[in-house]
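Peer 1: After the structure tokens below, expect a handful of questions from me.
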Ligand SMILES: NC(=O)c1ccc[n+]([C@@H]2O[C@H](COP(=O)([O-])OP(=O)(O)OC[C@H]3O[C@@H](n4cnc5c(N)ncnc54)[C@H](O)[C@@H]3O)[C@@H](O)[C@H]2O)c1
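In my numbering, the protein residues as written are 5 to 486.
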């Protein structure tokens, strides 16, 4: 199967096109220009038809693990937060840490002093992370490096008999998406993208409402990641090796779609009853970043490589049509003056819900926002067991139970109890496919592009994964704060 795919890529001239300078998709777009009969659809279809689902990972439960032994790759801004959260969950041992920068790995290890955790450090080379994956006494590899590295690290971790959980996004190209699916199905290892915004209070309560039919059929959802990151992206020390600025300078499309629609996908049962069908993506030109890069380069040579780049437009809007006839709008804007927001709106046949601008609102069946008092009553009525249980645990352990730690707790609790994880490999790769596909659409005058069915038809019968009632498990404790 693999040979067939490589041959096809060779024939189309796509073989060997990696991330830098263009994914398979970008390479195709450059060659095709604005051709109305794009070849990319055929490439995607070929990749899809060459994949045979060996085993359906939806609903997959791995054998119970009494203790989950963890290795973490990437200890910049995000990694240490995951490490702290995991170190506070009973039945977790942090066994290894890796960062290409020794000081980051050492600093993270130092934060664990005085705890039960004494991780081995891997550092100093681009491939040191492989040694972490190879370490025998690890069950779960957490990946918090820049997103274009996630797929290769998750694939390698699974090949070494480890479960893999990665930050968003988990794949940067369609080919990587298929590699993740193929590896997970073959090795029967969990491969989860850690979509943490789905674990916030509004999201979990409205998910509960949706599952009880409160909104009727969901017709449409809108979400976005809107947060001005200009200062961060041009800062010399915010991110490793200016990796975000390089992405803005070299790509088009929605390069950070997940947070805006992860909740919407759960409400719409994407990959279990519905699936993404196709998307179109429209982008403004860049009014700001290129100009800033040019100005900085006049006084600082460091910015010269960015001075002549065609930066990603300031706003990207991608519209997804689902196979059951729903629509999702995903917006990404990391450069305008707007106050930060995720938007987060869903519209059902009976009622709608809107999270931003806060306070969050819910409409009644007559098209009016309900009063704050009625909203409060609904919140109480629809608070799912997962929130009740973890709030109680938070109190007992002396700390608040926010979305991030709730996600880690739930992942570990499922591994302890041999339960399916809330999000499977198909969720991670289909949601992530919006990155390369939106880029291709933007590069092709917003031409529509099919979104591959990574479940190979199983979406029609797959059951829901995310058990917010905690019917099973829920017995993993938090370590008391001292
Ligand atoms: N879910 C969320 O809310 C959220 C928030 C922020 C970031 N993120 C995601 O988290 C990931 C990391 O973002 P960040 O802000 O921490 O970036 P960062 O640049 O601060 O951290 C990345 C780390 O990876 C290390 N690294 C780079 N190459 C490596 C290699 N070959 N081997 C080992 N380590 C290597 C770097 O030294 C750095 O410390 C990104 O994918 C981002 O999209 C998610």
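Ideal Cβ placement from N, Cα and C applies to all residues, glycine included.
Pick from 366, 285, 434: whose alpha carbon is nearest that of residue 447?
Peer 2: When each option's Cα is compared against that of residue 447, the closest is 285.
Peer 1: State buried or exposed for residue 245, treating a residue as buried only when at least 16 other CB atoms are found within 10 Å of its CB.
Peer 2: Exposed, since its Cβ has fewer than 16 Cβ neighbours within 10 Å.
Peer 1: Given a threshold of 16 other Cβ atoms within 10 Å of its Cβ, counted over all protein chains shown, does residue 143 qualify as buried or as exposed?
Peer 2: Looking at its Cβ environment, which holds 16 or more other Cβ atoms inside 10 Å, residue 143 is buried.
Peer 1: Starting from residue 443 and walking both ways along the alpha helix (DSSP H), at which residues does that stretch end?
Peer 2: Note, residue 443: alpha helix (DSSP H), 438-447.
Peer 1: For residue 226, which residues does DSSP report across the bridge?
Peer 2: Paired residue(s): 333, 349.
Peer 1: Mind listing, in chain order, the continuous alpha helix (DSSP H) runs of no fewer than 4 residues lying wholly within the segment 345-420?
Peer 2: For the segment 345-420, whole alpha helix (DSSP H) runs of length 4 or above, ordered along the chain, are 376-385, 389-401.
Peer 1: Using CA coordinates, which residue listed in 63, 351, 112 is at the minimum distance from residue 371?
Peer 2: Residue 371 has its Cα closest to that of 351, out of 63, 351, 112.
Peer 1: Pop quiz: residue 482 and residue 205 are said to be a contact at Cβ under 8 Å. What is the actual Cβ separation, rounded to whole angstroms?
Peer 2: Actually they are not in contact, since the Cβ atoms of residue 482 and residue 205 sit about 18 Å apart, beyond 8 Å.
Peer 1: Taking 8 Å as the cut-off, does the segment 229-238 touch the segment 338-348 (at least 3 CB pairs, one atom from each stretch)?
Peer 2: In short, these stretches touch, since the Cβ pair count reaches three.
Peer 1: Could you check whether the segment 106-123 touches the segment 177-188, counting it as contact only if at least three pairs of C-beta atoms, one from each stretch, sit closer than 8 Å?
Peer 2: The segment 106-123 vs the segment 177-188: no contact.
Peer 1: Under 8 Å: do the segment 184-200 and the segment 418-431 share three or more Cβ pairs, one atom per stretch?
Peer 2: Output reads yes: the segment 418-431 touches the segment 184-200.
Peer 1: DSSP three-state label for residue 73, please.
Peer 2: Three-state result, residue 73: strand.
Peer 1: Could you round the C-beta distance between residue 283 and residue 225 to whole angstroms and report it? I think they count as a contact, below 8 Å.
Peer 2: Not quite, the Cβ-Cβ distance comes to about 14 Å (not below 8 Å), so this is no contact.
Peer 1: Apart from the five residues just before and just after residue 333, which ones in its own chain have a Cβ nearer than 7 Å to its Cβ?
Peer 2: Excluding residues within five positions, the ones whose Cβ falls inside 7 Å are 226, 321, 323.
Peer 1: Is residue 80 near ligand 1, going by C-beta to nearest heavy atom under 7 Å?
Peer 2: Yes, Cβ of residue 80 sits closer than 7 Å to a heavy atom of ligand 1.
Peer 1: Under 8 Å, with one C-beta from each stretch per pair, do the segment 96-110 and the segment 156-174 reach the 3-pair mark?
Peer 2: The segment 96-110 vs the segment 156-174: no contact.
Peer 1: Roughly how many angstroms lie between the CA atoms of residue 40 and residue 48, to the nearest whole one?
Peer 2: Here residue 40 scores only 46 on pLDDT, less than 50, and its place in the model should not be relied on; the value that follows carries that caveat. The alpha-carbon atoms of residue 40 and residue 48 are separated by roughly 16 Å.
Peer 1: Would you identify the three-state DSSP class for residue 177, choosing helix, strand or coil?
Peer 2: If DSSP states are grouped into helix, strand and coil, residue 177 belongs with coil.
Peer 1: What are the residues that DSSP puts in a beta bridge with residue 324?
Peer 2: Bridge partners of residue 324: 283, 332.
Peer 1: Pick helix, strand or coil for residue 430, following the three-state DSSP scheme.
Peer 2: Residue 430: helix per DSSP, three-state reduction.
Peer 1: Check whether the segment 95-104 and the segment 123-133 touch, using three or more Cβ-Cβ pairs below 8 Å as the test.
Peer 2: The segment 95-104 is in contact with the segment 123-133.
Peer 1: Does at least one heavy atom of ligand 1 sit under 7 Å from the Cβ of residue 197?
Peer 2: Flag unset: Cβ of residue 197 not near ligand 1.
Peer 1: Please state the DSSP three-state secondary structure of residue 169.
Peer 2: Correct three-state label for residue 169: strand.
Peer 1: Cα separation between residue 141 and residue 84?
Peer 2: Roughly 21 Å between the two C-alpha positions.
Peer 1: Distance, Cα to Cα, residue 65 vs residue 459?
Peer 2: Whole-angstrom Cα-Cα distance: 17 Å.
Peer 1: Ligand 1 and residue 132: does the residue's C-beta get closer than 7 Å to at least one heavy atom of that ligand?
Peer 2: Under cutoff, so the answer is yes.
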